[in-house]
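These notes are about the structure you will find just below.
Protein chains: 2
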Amino acid sequence: MAGVPELMVLRLLKDREMYGYEIVQAIRGQTREVVQLSEGVVYPVLHGLEKDGALKSQRREVGGRSRVYYSLTARGLRRLFDLTDSWTELTGAIQAVLKGASHARTI
Amino acid sequence: MAGVPELMVLRLLKDREMYGYEIVQAIRGQTREVVQLSEGVVYPVLHGLEKDGALKSQRREVGGRSRVYYSLTARGLRRLFDLTDSWTELTGAIQAVLKGASHARTI
DNA sequence: GAATCATACCTAGGATAACAAGGTATCATA
DNA sequence: TATGATACCTTGTTATCCTAGGTATGATTC
């Protein structure tokens, strides 16, 4: 039932490379504050994904700021697809229960 | 991000009273095996909800089997509404990110 | 020029939900 | 008679997530 932070991070990085702090703000903004993943959640996720070869990072200096930019690897893209599928299947299944038992068996 | 088992249990009990083992099977069936909550998950949830006054239980003998039937209280119904709202809001927010950044700010 | 806020990185530690794995007992079936 | 299905339960572990803290720079405000 877990893995949502990882899924969101991967999805954001699919469009363009981003740095950690930026990702935290983007999630806040795009969900209208509904999802507020702290840095304490996002950074470990980024480190874990990079360790697994799903991301690659590059430190860059921008306006006197040191940023670590992350981008998706092929493996990361694959992982994004897998997680998205799982998520869709899971929420669909839960939704079926929430709507009511009538849709139970089409067999 | 947690509380899905609780939500599903409450939703099933909204329609009719059920016993624990039955709930485990119902979740398996209605989600077509996608969600397979074990008894080790469902029973503690039932006990917790009853302790909080969201459920009331009644032990009954049926065909030589001892079953504990649970039904929703007013408080449990309230809790179901709240959890459903949270779940809808959360999945909607995540979906917005998964679909892409274009829907970010309508302001 | 001092203090505060925003930016930008990081980690250690704790809470807790979810699960696996076990245990008991009865009834039906093979 | 042995296995599987029914029906209840708890203990202990794990993984995830979050809180809370720490550092440092630049911008803004007072």
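Here the protein sequences line up with chains A and B, keeping their order. Just so you know, our numbering puts 104 at position 104 of the first sequence, and the rest follows in order with no gaps. Just so you know, our numbering puts 1023 at position 23 of the second sequence, and the rest follows in order with no gaps. Quick reminder that beta carbons are idealized off the backbone N, C-alpha and C, glycines included. What you are looking at is a predicted structure, and each value in this text was computed from that prediction instead of being measured.
Less than 7 angstroms between C-beta atoms, sequence neighbours within five positions excluded: which residues of the same chain meet that for residue i?
i                 : result
serine 1057(B)    : Glu1050, Val1068, Tyr1069 and Tyr1070
glycine 1003(B)   : Leu1083
glycine 63(A)     : none
leucine 37(A)     : Pro5, Val24 and Ile27
glutamate 1017(B) : Tyr1069, Tyr1070 and Ser1071
Residue i versus chain B: which residues are under 8 angstroms apart at the beta carbon?
i               : result
threonine 73(A) : The contacting residues do not exist; threonine 73(A) stays about 20 angstroms from chain B at best.
leucine 49(A)   : None at all; the shortest Cβ gap to chain B is about 16 angstroms.
To which residues of the same chain is residue i closer than 8 angstroms at the C-beta, ignoring the five residues directly before and after it?
i               : result
leucine 1072(B) : Leu1010, Leu1013, Lys1014, Ala1054, Leu1055 and Leu1080
arginine 75(A)  : Asp52, Gly53 and Ala54
valine 41(A)    : Pro5
Considering only residues of the same chain and omitting the five flanking positions on each side of residue i, which have a CB-CB separation below 6 angstroms?
i                 : result
arginine 1143(B)  : This structure leaves residue 1143(B) out entirely; chain B is present only between 1001 and 1107.
isoleucine 107(A) : Caution applies to isoleucine 107(A), whose pLDDT of 32 falls short of 50 and renders its modelled position unreliable; the value that the coordinates give is listed next. Closer than 6 angstroms at the Cβ level, and outside the excluded window around isoleucine 107(A), lies no residue.
Just checking: is the beta-carbon of residue i within a distance shorter than 9 angstroms of some beta-carbon in chain B?
i             : result
valine 62(A)  : no
alanine 54(A) : no
leucine 77(A) : no
Which chain A residues are close to residue i, counting only those with a beta carbon under 8 angstroms from its beta carbon?
i                  : result
isoleucine 1023(B) : The premise fails here: isoleucine 1023(B) is roughly 11 angstroms from chain A at the closest Cβ pair, so nothing lies under 8 angstroms.
So with CB distances below 9 angstroms, who are the chain B contacts of residue i?
i            : result
valine 97(A) : Leu1007, Met1008, Arg1011, Leu1012, Ala1026, Ile1027, Gln1030, Thr1031 and Val1035
Are the C-beta atoms of residue i and some chain A residue less than 9 angstroms apart?
i               : result
leucine 1090(B) : yes
leucine 1046(B) : no
Just grab the DSSP bridge partners of residue i for me.
i                 : result
leucine 83(A)     : Leucine 83(A) is not bridged to any residue.
glutamine 1058(B) : Tyr1069(B)
Check: What residues from the stretch 10-21 of chain A come within 8 angstroms of chain B, judged by C-beta to C-beta, listed N to C?
Finding: The stretch 10-21 of chain A vs chain B, Cβ under 8 angstroms: Arg11, Leu12 and Asp15.
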